[in-house]
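Working notes for the structure below.
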Amino acid sequence: MLRNTRRETLVALVLISPFLAIYGLTFVYPTVAMVNLSFTDAPLIGPGQWVGLDNYTRLAGERRFDTAFWNTAYFVALSVIPGTFVAMVIALGVSRLTGRMQALVLALFFLPYILPVSVVYRLWDWTLNFQFGIAMYVFDIWGIERVPIFKTTTWFMPAVAFVTIWWTCGFSILLFLAGLRAIPAEIYEAASLDNTGRWTMFRRITWPLLWPVTALVTTIQLILQLKIFDQVYLFSTGGRPNDNLVLVYYIFQRAFVNNQGGRAAAIAVVLFLIVVIVSVLNFQLMRLAERRK
Amino acid sequence: MTNYKVTGSVMLLAGFMSTAAQAEVVVEWWDFLGGGDGVRMKQLIDEFNAEHAGDITIQATTLEWGVPFYTKVQTSVAVGEAPDIMTYHASRIPLAVSQNVLSEITADDWATMGLGEGDFASATWDAVTIDGAQYAVPLDTHPIVLYYNKELLSAAGVLTDDGVPMGMDSLEGFTETMRALQANGVKFPLGSVTADGNFMFRTIYSLVGQQGGELISDGEFLTGDNAEKLTNALAVLQDWTNEGLQSTYTDYPATVALFTSGEAAMMINGVWEVPTMTDLNAAGNLFEWGAVELPMIFDQRATYADSHSFAIPAGDMDPETRAATLEVMSWMLKNSLFWATAGHIPAYGPVTSSAEYAAMEPNATYSPLTANMIFDPKSPLAGVAGPIFDVMSTYFVPTLNGEMDPAEAVEEIIIELNDM
Numbered sequence: 001m002l003r004n005t006r007r008e009t010l011v012a013l014v015l016i017s018p019f020l021a022i023y024g025l026t027f028v029y030p031t032v033a034m035v036n037l038s039f040t041d042a043p044l045i046g047p048g049q050w051v052g053l054d055n056y057t058r059l060a061g062e063r064r065f066d067t068a069f070w071n072t073a074y075f076v077a078l079s080v081i082p083g084t085f086v087a088m089v090i091a092l093g094v095s096r097l098t099g100r101m102q103a104l105v106l107a108l109f110f111l112p113y114i115l116p117v118s119v120v121y122r123l124w125d126w127t128l129n130f131q132f133g134i135a136m137y138v139f140d141i142w143g144i145e146r147v148p149i150f151k152t153t154t155w156f157m158p159a160v161a162f163v164t165i166w167w168t169c170g171f172s173i174l175l176f177l178a179g180l181r182a183i184p185a186e187i188y189e190a191a192s193l194d195n196t197g198r199w200t201m202f203r204r205i206t207w208p209l210l211w212p213v214t215a216l217v218t219t220i221q222l223i224l225q226l227k228i229f230d231q232v233y234l235f236s237t238g239g240r241p242n243d244n245l246v247l248v249y250y251i252f253q254r255a256f257v258n259n260q261g262g263r264a265a266a267i268a269v270v271l272f273l274i275v276v277i278v279s280v281l282n283f284q285l286m287r288l289a290e291r292r293k
Numbered sequence: 294m295t296n297y298k299v300t301g302s303v304m305l306l307a308g309f310m311s312t313a314a315q316a317e318v319v320v321e322w323w324d325f326l327g328g329g330d331g332v333r334m335k336q337l338i339d340e341f342n343a344e345h346a347g348d349i350t351i352q353a354t355t356l357e358w359g360v361p362f363y364t365k366v367q368t369s370v371a372v373g374e375a376p377d378i379m380t381y382h383a384s385r386i387p388l389a390v391s392q393n394v395l396s397e398i399t400a401d402d403w404a405t406m407g408l409g410e411g412d413f414a415s416a417t418w419d420a421v422t423i424d425g426a427q428y429a430v431p432l433d434t435h436p437i438v439l440y441y442n443k444e445l446l447s448a449a450g451v452l453t454d455d456g457v458p459m460g461m462d463s464l465e466g467f468t469e470t471m472r473a474l475q476a477n478g479v480k481f482p483l484g485s486v487t488a489d490g491n492f493m494f495r496t497i498y499s500l501v502g503q504q505g506g507e508l509i510s511d512g513e514f515l516t517g518d519n520a521e522k523l524t525n526a527l528a529v530l531q532d533w534t535n536e537g538l539q540s541t542y543t544d545y546p547a548t549v550a551l552f553t554s555g556e557a558a559m560m561i562n563g564v565w566e567v568p569t570m571t572d573l574n575a576a577g578n579l580f581e582w583g584a585v586e587l588p589m590i591f592d593q594r595a596t597y598a599d600s601h602s603f604a605i606p607a608g609d610m611d612p613e614t615r616a617a618t619l620e621v622m623s624w625m626l627k628n629s630l631f632w633a634t635a636g637h638i639p640a641y642g643p644v645t646s647s648a649e650y651a652a653m654e655p656n657a658t659y660s661p662l663t664a665n666m667i668f669d670p671k672s673p674l675a676g677v678a679g680p681i682f683d684v685m686s687t688y689f690v691p692t693l694n695g696e697m698d699p700a701e702a703v704e705e706i707i708i709e710l711n712d713m
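Line by line, the protein sequences give chains A and B. The first sequence begins at 1 in my numbering and counts up by one. The second sequence begins at 294 in my numbering and counts up by one.
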């Protein structure tokens with residue numbers, strides 16, 4: 001049959017044009033505008049003067065940018081791998097259950113994920129508040145000195161990472177469960193016929209076959225946690241915001257508190273590049289690891 | 294032809310007149326009053342609407358206080374969706390003017406409202422004035438005050454016969470009062486919002502003011518001995534922490550709870566908590582309490598205050614709506630005696646000099662502090678929830694809780710302020 005390629009291209013174009021229009025309007029255009037903005041001294045709203053690379057060069061010597069950058073890195077280290085690990089362990093546990101019991105346990109682990117961040121903040125503030133937090137009364141009973149968890153730099157990031165894992169691991173558990181169910185039962189049957197131990201079974205069968213899901217979960221987590229804002233913002237209200245800064249928080253501060261749209265855009269561009277670089281690196285690393293297996 | 298035109302215009306004119314006669318002018322109103330004062334403001338709005346039925350209706354929306362409110366105002370002005378009237382902190386006006394968010398209140402406007410400079414305290418009038426022009430109509434001033442539990446103070450023997458705390462005129466005297474309370478078994482003589490540096494800015498700024506210090510002089514932060522004055526202020530508060538005289542790592546709600554539950558005998562907080570105390574006391578759930586001007590810790594009296602004012606957003610506005618908005622502002626000020634039950638000190642002079650106001654407690658006890666009020670420095674960087682707040686908070690919290698040396702904190706603060 002003769003194919004009218006021109007016609008087909010035309011039809012294809014017509015079919016994808018709504019997507020292209022929306023994508024262009026809501027992603028490409030704002031991104032270009034943001035990069036443009038980052039070279040000006042614009043306030044939050046309205047145009048500004050062209051200042052070249054000024055907004056970028058001054059980031060190098062800025063204390064707040066420094067804090068924000070390292071805090072973000074620290075938070076990612078505290079949440080991505082541990083979060084993935086916790087989710088995998090829970091998923092392995094849940095997958096051993098069956099029927100209603102499994103549904104119930106899964107629901108319990110998934111429950112925090114459906115909470116809005118403000119509720120998560122309230123829950124944990126009530127638990128860990130220095131004067132009235134429930135945990136502090138437990139500390140008193142055990143004779144441990146009370147710790148102002150969200151007001152010290154030592155405990156702030158670990159605590160926020162813990163809360164984040166508690167809050168978001170439900171979704172990763174679901175992904176892992178789906179991955180586990182995709183592994184054919186025959187492989188396990190064959191292995192048990194060979195008298196394989198449980199650990200070997202995990203190391204030789206589950207872990208390699210689950211690898212694509214693990215790679216997916218870490219990548220999702222990585223991108224998500226690089227963009228951390230809500231929890232840090234809420235937990236540091238009134239506390240020590242400038243010591244707890246993360247990159248998105250710093251963008252917020254520059255744009256909405258200091259009214260410096262141009263400088264905020266420069267940080268946003270830097271974060272954008274970091275996310276791109278880190279995700280590509282992560283993806284390559286995962287592929288490399290897969291090939292070595 | 295001509296005839297037709299004339300008839301047309303007459304009909305058009307008639308049409309206009311009838312709409313003017315029938316339609317109510319709707320005044321879109323935004324505020325950030327979410328607490329006990331918000332309840333009282335709603336009552337005032339209802340009264341206004343009832344009194345102006347058929348002419349003007351206020352359509353009020355309450356939004357989240359702080360950065361969210363001011364960001365929304367800014368974006369709404371930019372796209373022409375701003376309200377007709379909004380509450381505004383006087384301390385935020387310098388920033389607002391630099392962002393072109395506010396419409397000037399002209400001399401004609403003041404005349405229309407029947408208000409003028411003479412009706413306000415000079416510090417308050419000055420707070421809404423930028424380069425000789427006014428950008429808002431002050432509704433109140435809301436300073437911080439010292440709340441105290443009369444029963445606990447009396448039990449510790451530190452309540453005067455007039456029913457106010459002893460030792461209010463010196464650092465030594467006030468510290469003695471707190472020590473007496475501590476010796477008498479009070480857990481926290483002073484409940485302080487030590488977990489919230491934003492809030493403590495008010496207290497610390499007052500103490501800097503009590504030494505005649507300034508935060509910004511000639512556009513520079515903490516010049517000359519002002520850095521030392523801030524250090525002194527922080528040192529006093531840190532000493533209280535080290536002696537166990539004030540609560541540590543306490544956030545705002547916890548501080549109020551410590552005071553109302555009797556675990557803290559005194560508390561430095563805004564006058565906006567007056568309704569909380571009044572309502573609790575009326576319900577029989579609170580001890581006898583009082584509120585006075587802050588103690589004089591250094592050599593002169595000074596108390597931080599801000600002002601809730603009414604502002605009109607920049608942008609086109611039809612004359613009818615503007616007239617209605619002016620009427621709203623004028624009415625609110627002239628009826629602001631009721632607003633005083635929210636703790637705030639009405640800005641409109643004729644109200645505060647009235648006999649009814651003089652009989653109101655505890656307002657009458659702390660009202661004399663109006664003479665010693667200091668407002669935020671006039672800078673786009675200052676003001677509630679402004680850029681300075683985050684810097685201060687970051688170093689106030691560790692210092693107030695005894696983890697950072699005051700002099701070191703001030704050094705860091707200066708570096709960060711200059712990094713903005």
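Backbone N, C-alpha and C fix where the C-beta goes; we use that ideal spot for every residue, glycine too.
Within the segment 233 to 245 of chain A, the residues whose Cβ lies closer than 7 Å to some Cβ of chain B are GLY238, GLY239, ARG240, PRO241, ASN242, ASP243, listed in chain order. For LEU619/B and MET406/B, the gap between their C-alpha atoms comes out near 6 Å. Looking at the backbone, the Cα of ALA346/B and that of GLU317/B are separated by about 8 Å. For SER540/B, the chain A residues whose C-beta falls within less than 8 Å of its own C-beta are GLN131, listed in chain order.
Membership of TYR233/A in the alpha helix (DSSP H) is indicated by the continuous run 230 to 235.
Collapsing the DSSP output to three states places GLU705/B in a helix. Neighbours of PRO680/B in chain A, taken as residues at a C-beta separation under 9 Å, are given in chain order as GLN253, VAL257, ASN258, ASN259.
Taking 7 Å as the threshold, the shortest C-beta distance from THR534/B to chain A does not fall below it.
Of all residues in the segment 489 to 511 of chain B, only ASP489, GLY490, ASN491, PHE492 come within less than 8 Å of chain A when Cβ atoms are compared, listed by chain position.
Between PHE467/B and PRO639/B, the C-beta spacing is not below 7 Å. If you draw a straight line from the Cα of GLN253/A to the Cα of TYR597/B, it comes to about 25 Å. In the DSSP assignment, no residue is bridged to ILE173/A. What LEU44/A touches in chain B, judged by beta-carbon distance under 7 Å, is GLN367, going in chain order. Secondary structure at GLU340/B: helix, using DSSP grouped into helix, strand and coil.
Counting every other CB atom within 10 Å of its CB across the protein chains shown gives GLU186/A a total below 16, marking it as exposed.
Closest option to LEU281/A, judged by alpha-carbon separation, among THR219/A, LEU271/A, GLN49/A, VAL257/A: THR219/A. In the same chain as GLY133/A, and ignoring 5 residues on each side of it, the C-beta atoms closer than 6 Å to its own belong to THR127, in chain order. At a Cβ-Cβ threshold of 7 Å, THR516/B and VAL703/B do not count as neighbours. For PRO458/B, none of the residues of chain A pass the 9 Å Cβ criterion, the least Cβ distance being about 23 Å. For the segment 62 to 94 of chain A, residues whose beta-carbon sits nearer than 9 Å to a beta-carbon of chain B comprise GLU62, ARG63, ARG64. Secondary structure note for PRO436/B: its beta strand (DSSP E) is the uninterrupted segment 433 to 442.
For PRO482/B, there is no enclosing alpha helix (DSSP H); the enclosing beta strand (DSSP E) has its first and last residue at 481 to 484.
Within chain B, the residues ALA488, TYR542, VAL690 have their CB atoms less than 7 Å from the CB of LYS151/A, given in chain order. In this structure, THR634/B is the residue among THR634/B, ILE667/B, THR354/B with its C-alpha nearest to the C-alpha of ALA651/B.
With 16 or more other Cβ atoms inside 10 Å of its own Cβ, SER540/B counts as buried. For MET88/A, the CB contacts under 6 Å within the same chain, skipping 5 residues up- and downstream, are PHE176 in chain order. Under the Cβ distance rule, ASP712/B counts among the residues neighbouring chain A, one pair being separated by less than 7 Å. Only residues of its own chain outside the window of five on either side were considered, and among them VAL248, TYR249 have a CB closer than 6 Å to the CB of PHE229/A, listed in chain order.
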